[in-house]
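Residues in the sequence shown are numbered consecutively from 1, following UniProt numbering.
Taking it in order: structure first as structure tokens, then the write-up.
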Amino acid sequence: MSQITIPNTEFYTWKNYRCAYEHYPTEAQDSTPLLLIHPIGVGLSRRFWHRFCQAWYQSGHNNPIYNPDLLGCGESEMPHIAYTPADWAAQLQHFLQTVIQKPVTLVVQGALLPVALETVRLQTQPNLIQKLVLASPPAIALVTQPTGMRQQKLTWNLLDSPLGTAFYFYARRPQFLSSFSTRQLFASSDRVDSEWLDLLVKGAANPASRYAVFSFLAGFWRQNYRDAIAAIAHPTLVVVGDRASSISKDKQDTPDRRLADYLKCLPQAKGVKISGRNVLPYESTTEFVATLAAFEP
């Protein structure tokens, strides 16, 4: 099949910051748009979703897609601040209200789940979120057992230092990125390909991108979101890899257990297990597209 042209970068302003996004328009005016939330990590940005977007349209689906860069990532501005899920959620809420202006299916990757939860929390009338898709969500213990604000601030201060900067420059080396991806993200080392490594290396070229990564590593997303999860009234799809792994100390966190934990907590949820580990939209793109399409006809 022919390649889908990646749209030109567009920009909007939020709190005087210049924020970037891509919009894949279609002629299907009645199709629900997909709003994608990319993960945070060394070199990660909206480019994480390019393989998914290609596969989505090549499979014949026609939903418009909005693919933004969160503040501190990609082509959005990168202020020297500690970012919280509430900050990124406020950015996405502004994006929903001023750019998209219609209900969406919110698709969130991995441990950025708290950003989706905070975005749902910000909804008033009209509610601009219709459905949610949780791709490779973290072990539920990680989003229900907080690390503590004092510990988070201490970790941030340690990272936001010459020592942390030196670590970031080390971590953006292709050798480290390949090793980390093989150990923590992908089920098969063969999937850690040149396209993936090129994505990360280019994304980490700007040293100011380290502040978003440090914010993630500091654990500002490690709050107790159990009530927020239980309050989601939207139809929700939970997609877990059959080889999903975790930084959680809970040794009982198997893929089946993770699915069961979310389905037990979410009021209107469907759970699906597919092949892969922790970056399903990238590693298992075809299977993820088919799973999402069944949920989003």
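Idealized CB from N, CA, C, for every residue including glycine.
Classification of residue i by the beta-carbon crowding that lies within 10 angstroms, buried from 16 upward
| i | result |
| --- | --- |
| T119 | buried |
| residue 298 | Here the chain covers residues 1 to 297 and nothing more, so residue 298 does not appear. |
| E22 | buried |
| D190 | exposed |
| E27 | exposed |
| S76 | buried |
| T98 | exposed |
| G60 | exposed |
| P64 | buried |
| M1 | Legend: pLDDT at M1 = 49, less than 50; position of this residue unreliable, no value from coordinates given. |
| H80 | exposed |
| T13 | exposed |
| I274 | buried |
| P281 | buried |
| F216 | buried |
| Q152 | buried |
| Q91 | buried |
For residue i, the three-state DSSP class (helix, strand or coil)
| i | result |
| --- | --- |
| N157 | helix |
| I6 | coil |
| Q130 | strand |
| K102 | coil |
| E75 | coil |
| E296 | coil |
| W49 | helix |
| P39 | coil |
| M1 | For M1, the predicted model reports a pLDDT of 49, less than 50, meaning its position is unreliable and no value from the coordinates is stated. |
| P68 | strand |
| E27 | coil |
| W221 | coil |
| F13 | Going by the sequence as given, residue 13 is Thr instead of Phe. The answer is strand: DSSP assigns T13 an E or B state. |
| Q93 | helix |
| R173 | coil |
| Q109 | strand |
| A208 | helix |
| A230 | helix |
| residue 299 | Missing from the structure shown is residue 299; the chain here goes from 1 to 297 and no further. |
| T236 | strand |
| A86 | helix |
| L185 | helix |
| L122 | coil |
For residue j and residue i, the rounded distance between their alpha carbons
| i | j | result |
| --- | --- | --- |
| P68 | T147 | 28 Å |
| A89 | L106 | 12 Å |
| Q109 | P162 | 30 Å |
| P267 | P174 | 42 Å |
| L185 | W56 | 22 Å |
| D261 | A212 | 29 Å |
| A228 | R121 | 8 Å |
| T254 | W221 | 22 Å |
| P137 | F288 | 14 Å |
| K131 | Y17 | 28 Å |
| Y170 | Q125 | 46 Å |
| P103 | L36 | 13 Å |
| L154 | E296 | 42 Å |
| G72 | M149 | 21 Å |
| A82 | G41 | 14 Å |
Nearest to residue i (by Cα), restricted to the options the options
| i | options | result |
| --- | --- | --- |
| I140 | T165, T155, P114 | P114 |
| I4 | F11, N62, P33, F180 | N62 |
| P33 | L128, T286, N224, Y17 | L128 |
| S188 | E287, R277, Q145, F180 | R277 |
| Q223 | R210, T84, S45 | T84 |
| A233 | A244, C265, Q91 | C265 |
| L70 | Q54, S59, D87 | D87 |
| F176 | D198, L159, N157 | D198 |
| T285 | F95, N16, Q58 | Q58 |
| Y24 | L44, F52, E195 | F52 |
| A78 | L142, D193, G203, Q151 | The amino acid occupying residue 78 in the given sequence is Met; Ala does not appear at that position. That would be G203, whose Cα lies nearest to the Cα of M78. |
| A208 | A166, I247, A231 | A166 |
Residues bridged to residue i [DSSP beta-bridge criterion]
| i | result |
| --- | --- |
| G241 | I274 |
| Y21 | E10, P68 |
| L163 | Looking at the DSSP assignment, L163 forms no beta bridge with any residue, so it has no partner. |
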